[in-house]
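This report refers to the structure that appears directly beneath it.
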Amino acid sequence: NSKVIQTPRYLVKGQGQKAKMRCIPEKGHPVVFWYQQNKNNEFKFLINFQNQEVLQQIDMTEKRFSAECPSNSPCSLEIQSSEAGDSALYLCASSLSGQGYEQYFGPGTRLTVL
Amino acid sequence: TQTVSQSDAHVTVFEGDSVELRCNYSYGGSIYLSWYIQHHGRGLQFLLKYYSGNPVVQGVNGFEAEFSKSDSSFHLRKASVHWSDSAVYFCAASRPPNTGKLTFGDGTVLTVKP
Chain A
173 NSKVIQTPRY LVKGQGQKAK MRCIPEKGHP VVFWYQQNKN NEFKFLINFQ NQEVLQQIDM
233 TEKRFSAECP SNSPCSLEIQ SSEAGDSALY LCASSLSGQG YEQYFGPGTR LTVL
Chain B
4 TQTVSQSDAH VTVFEGDSVE LRCNYSYGGS IYLSWYIQHH GRGLQFLLKY YSGNPVVQGV
64 NGFEAEFSKS DSSFHLRKAS VHWSDSAVYF CAASRPPNTG KLTFGDGTVL TVKP
């Protein structure tokens with residue numbers, strides 16, 4: 173069973189508000205991924221880190237979204253100005269390595285933007 | 004563009020039946036393939052993966068999957084399902100040498116009736 177911790181489980185924000193969620197990866201996992209899962213079960217990769225360094229990120233993440241994985245602190249994903257289309261389940265996963273290793277997922281943060 | 008397709012949106016079987024959930028990918032090079040399960044309201048749980056070697060791979064809880072390069076497929080099977088196997092199943096692909104980000108299929112909802 174995965175030991176990835178995500179908080180909060182539920183987040184409700186108004187349009188234009190900031191939304192911040194956190195993730196504690198499994199102990200010993202240096203690689204962290206963030207995905208967005210919409211209500212149609214479509215997944216979108218957002219960003220991944222190895223330790224504190226960004227490995228890869230998509231354009232969306234580069235604009236309204238910001239993320240970090242500081243040393244000895246939870247990783248975080250923040251939406252600077254929430255939009256209705258951001259309503260989704262945000263999943264954090266961790267892995268021993270980037271390529272070829274299974275990813276262990278947390279329960280997700282369900283964001284609702286009113 | 005790499006895509007993963009799951010042709011069956013819903014599959015319904017009875018407890019004790021065998022089941023096969025289909026996954027096809029559209030990429031001709033090296034590829035990592037995996038299956039994940041998502042129970043309602045929870046994060047994804049890793050089932051199994053394939054990269055090379057024996058095309059039949061064993062996973063948790065009696066699941067197995069078979070890779071076929073000629074068919075571009077990675078179908079998931081279980082010989083005898085239990086009601087607790089009811090969940091959404093996602094096929095995922097990752098193409099080296101990327102950073103490990105997964106591309107998911109749209110999912111198959113498996114319902115196991117008593």
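So the protein lines, in turn, are chains A and B.
According to the working numbering, the stretch in the first sequence is residues 173 to 286, in order.
According to the working numbering, the stretch in the second sequence is residues 4 to 117, in order.
Using N, Cα and C, we set each Cβ at its ideal position, and we do this for glycine too.
Here the structure is a predicted model, which is why all the values come from computation and not from measurement.
In the DSSP output, what is residue i paired with across the bridge?
i, result
"residue 8(B)", "27(B)"
"residue 241(A)", "DSSP, once it has assigned bridges, lists no residue as partnering residue 241(A)."
"residue 229(A)", "219(A)"
"residue 266(A)", "204(A) and 276(A)"
"residue 96(B)", "36(B) and 106(B)"
"residue 194(A)", "179(A) and 248(A)"
"residue 71(B)", "76(B)"
"residue 260(A)", "283(A)"
"residue 90(B)", "113(B)"
My assumption, with CB atoms under 8 Å, is that residue i sits in contact with residue j. Please give the rounded CB distance.
i, j, result
"residue 108(B)", "residue 14(B)", "Not really, about 13 Å apart at Cβ, beyond 8 Å."
"residue 259(A)", "residue 236(A)", "At roughly 14 Å, the Cβ-Cβ gap does not stay under 8 Å, so residue 259(A) and residue 236(A) are not in contact."
"residue 274(A)", "residue 49(B)", "4 Å"
"residue 35(B)", "residue 257(A)", "The pair is not a contact, with the Cβ atoms about 30 Å apart (cut-off 8 Å)."
"residue 63(B)", "residue 84(B)", "Residue 63(B) to residue 84(B), Cβ: 14 Å. No contact."
For residue i, count neighbouring Cβ atoms within 10 angstroms of its own Cβ and tell me buried if that reaches 16, exposed if not.
i, result
"residue 59(B)", "exposed"
"residue 90(B)", "buried"
"residue 65(B)", "exposed"
"residue 22(B)", "buried"
"residue 129(B)", "This structure leaves residue 129(B) out entirely; chain B is present only between 4 and 117."
"residue 86(B)", "exposed"
"residue 204(A)", "buried"
"residue 74(B)", "exposed"
"residue 117(B)", "exposed"
"residue 267(A)", "buried"
"residue 41(B)", "buried"
"residue 9(B)", "buried"
"residue 110(B)", "buried"
"residue 81(B)", "buried"
"residue 17(B)", "exposed"
"residue 242(A)", "exposed"
"residue 126(B)", "Chain B is shown from 4 up to 117; residue 126(B) falls before or after that span and cannot be answered."
"residue 199(A)", "exposed"
"residue 211(A)", "exposed"
Can you find the residues in the same chain that come closer than 7 Å, C-beta to C-beta, to residue i, ignoring five residues on each side of it along the sequence?
i, result
"residue 279(A)", "178 and 181"
"residue 92(B)", "24, 38, 40, 79, 110, 111 and 113"
"residue 255(A)", "187 and 285"
Looking only at its chain, what residues have a beta carbon closer than 6 Å to the beta carbon of residue i, apart from the 5 residues adjacent to it on each side?
i, result
"residue 186(A)", "286"
"residue 215(A)", "207 and 209"
"residue 70(B)", "53, 58 and 77"
"residue 37(B)", "52 and 95"
"residue 32(B)", "none"
"residue 61(B)", "67"
"residue 217(A)", "207"
"residue 99(B)", "33"
Apart from the five residues just before and just after residue i, which ones in its own chain have a Cβ nearer than 8 Å to its Cβ?
i, result
"residue 270(A)", "203, 220, 222 and 227"
"residue 284(A)", "182, 183, 184, 185 and 259"
"residue 250(A)", "190, 191, 192, 193, 237, 238 and 239"
"residue 277(A)", "174, 176, 263, 264 and 265"
Members of the region 261-286 of chain A that neighbour chain B once the beta carbon cut-off is set at 8 Å: Under the 8 Å Cβ criterion, the region 261-286 of chain A contributes 263, 265, 267, 269, 270, 271, 272, 273, 274, 275, 276, 277, 278, 279 and 280.
Using a Cβ-Cβ cutoff of 8 Å, what residues of the region 96-111 of chain B are near chain A? List them in chain order. Listed by position along the chain: 97, 99, 100, 101, 102, 103, 104, 105, 106, 107, 109 and 110.
Near-chain B residues of the region 198-209 of chain A (beta-carbon distance less than 8 Å), N- to C-terminal order: So the list reads 203, 205 and 207, given in the order they occur along the chain.
Taking beta-carbon pairs under 8 Å, can you tell me which members of the region 25-40 of chain B lie near chain A? So the close ones are 35, 37 and 39.
Interface positions of the region 70-99 of chain B facing chain A (Cβ-Cβ less than 7 Å), listed along the chain: So the close ones are 91, 97 and 99.
Using a Cβ-Cβ cut-off of less than 7 Å, give me the residues of the region 228-241 of chain A that come near chain B, in sequence order. For the region 228-241 of chain A, which is checked against every Cβ of chain B, the residues closer than 7 Å are 228.
Which residues, in chain order, does the region 48-61 of chain B contribute to contact with chain A at a C-beta distance below 8 Å? Listed in sequence order: 48, 49, 52 and 54.
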